[in-house]
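*Asks:* Number 180 in full-length UniProt numbering belongs to position 180 of the sequence shown; there are no gaps in the numbering. Ideal Cβ placement from N, Cα and C applies to all residues, glycine included. First the structure, then my questions, so here it is.
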Amino acid sequence: MSISGQSWTDEDSDGDSDCGEFLYGIQGHCGTDLYCHPQLDADIGAVRDIYTDRAVYVREYGTIDDVDVDLQINIGFLDEEVASAWNVIRTEPIILRLRFSLSQYLDGPEPTVEVFQTSSKDRFGLGVQLKKILSTFISQQWKHLSNEFMRVQQKKRHSWFKAGGTIKKFRAGLSIFSPVAK
């Protein structure tokens with residue numbers, strides 16, 4: 001995959017472009033020529049591990065130091081009545097698009113949020129409500145997050161499982177309550 005200036009277009013199967021728009025970006029994991037913050041790459045990998053590779057779609061815009069992360073939420077489990085009441089298409093995922101700084105991630109500005117279904121961007125009341133909820137949550141929590149804070153939290157978690165870590169010390173302390181082996 002070439003990193004510099006790769007152009008992605010939306011085309012019909014016959015090759016004619018619908019709207020003449022070009023999306024400039026790189027799709028997939030962070031490229032080797034661009035600096036992608038390691039915590040961002042780790043978080044995207046964690047989401048892919050928990051769900052599937054298809055649950056996360058990434059577009060990198062190296063020239064403007066941005067990355068779009070699309071989280072695709074399957075809503076096929078909804079009853080037809082509920083889907084109709086919420087004006088959503090059950091067979092199409094809801095897309096939560098978060099735009100982060102590619103190189104700064106948590107130390108950068110808070111991400112912008114978009115919520116939509118590809119074929120129904122208009123009259124998508126559920127999307128408007130989800131966007132308000134996510135935007136409010138992010139604006140309240142973003143100021144408490146930093147890349148350094150996440151590194152410290154991960155170090156604490158990993159130290160629990162090291163040979164001299166807290167779990168081993170905790171288990172050793174519990175051994176006084178264990179019955180004596182015969």
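Rounded to whole angstroms, how far is the Cβ of Phe100 from the Cβ of Leu40, which I believe are closer than 8 Å?
*Replies:* The count along the sequence shown starts at 1 and reaches residue 100 at position 100. The count along the sequence shown starts at 1 and reaches residue 40 at position 40. The pair is a contact, with the Cβ atoms about 6 Å apart (cut-off 8 Å).
*Asks:* Per DSSP, which one or two residues make a beta bridge with Thr112?
*Replies:* Position 112 of the sequence shown, counted from the start, is the residue given in the question as residue 112. DSSP, once it has assigned bridges, lists Arg99 as partnering Thr112.
*Asks:* Return the Cβ separation of Ser135 and Asp107 in integer angstroms, given the expectation that the two are a contact with Cβ distance under 8 Å.
*Replies:* Your numbering for residue 135 matches position 135 in the sequence shown. Your numbering for residue 107 matches position 107 in the sequence shown. The Cβ separation is near 20 Å, so there is no contact.
*Asks:* Under a Cβ-count criterion, where at least 16 other Cβ atoms within 10 Å of its own Cβ denotes burial, should Asp68 be classed as buried or exposed?
*Replies:* Counted from its first residue, the sequence shown places residue 68 at position 68. Flag for Asp68 reads buried.
*Asks:* Which residue comes first and which comes last in the alpha helix (DSSP H) that contains Val56?
*Replies:* As a first step, residue 56 is located in the sequence shown; it is residue number 56 there, counting from the start. Taken as a continuous stretch (DSSP letters only), Val56 belongs to no alpha helix (DSSP H), being part of the beta strand (DSSP E) at Val56 to Tyr61.
*Asks:* Would you report the Cα separation of Val82 and Asp49, rounded to the nearest angstrom?
*Replies:* In the sequence shown, residue 82 corresponds to position 82, counting from 1. In the sequence shown, residue 49 corresponds to position 49, counting from 1. Rounded to whole angstroms, Val82 to Asp49 spans 30 Å at the Cα level.
*Asks:* Report the partner residues of Asp70 according to the DSSP bridge assignment.
*Replies:* Here residue 70 is taken as the residue at index 70 of the sequence shown, counted from 1. In DSSP, Asp70 forms a bridge with Tyr57 and Arg97.
*Asks:* Would you call the stretch 111-122 in contact with the stretch 89-97, where contact means no fewer than 3 C-beta pairs closer than 8 Å?
*Replies:* In short, these stretches touch, since the Cβ pair count reaches three.
*Asks:* Who are the near neighbours of Arg151 in its chain, counting only those whose CB is closer than 8 Å to its CB and skipping five residues on each side?
*Replies:* Reading the sequence shown from its first residue, position 151 is the one you call residue 151. For Arg151, where only same-chain residues beyond five positions count, the Cβ hits under 8 Å are Gln39.
*Asks:* One question on the structure: do Ile75 and Val56 come within less than 9 Å of each other, judged by their Cβ atoms?
*Replies:* Mapped onto the sequence shown, residue 75 falls at position 75. Mapped onto the sequence shown, residue 56 falls at position 56. Not in contact: Ile75 and Val56 (Cβ atoms no closer than 9 Å).
*Asks:* For Gln104, which residues from the same chain have a beta carbon less than 6 Å from its beta carbon, with the 5 sequence-adjacent residues on both sides left out?
*Replies:* Numbered from its first residue, the sequence shown carries residue 104 at position 104. Taken in chain order, the list of residues that qualify is empty.
*Asks:* Inspect the beta-carbon positions of Ile89 and Ser119 and report whether they are closer than 9 Å.
*Replies:* Stepping through the sequence shown from its first residue, residue 89 is reached at position 89. Stepping through the sequence shown from its first residue, residue 119 is reached at position 119. Cβ distance < 9 Å, so Ile89 and Ser119 count as in contact.
*Asks:* Does the Cβ of Glu80 have 16 or more other Cβ atoms within 10 Å, making it buried, or fewer, making it exposed?
*Replies:* On the sequence shown, position 80 is the one that residue 80 refers to. By the neighbour-count rule (16 or more Cβ atoms within 10 Å), Glu80 is not buried but exposed.
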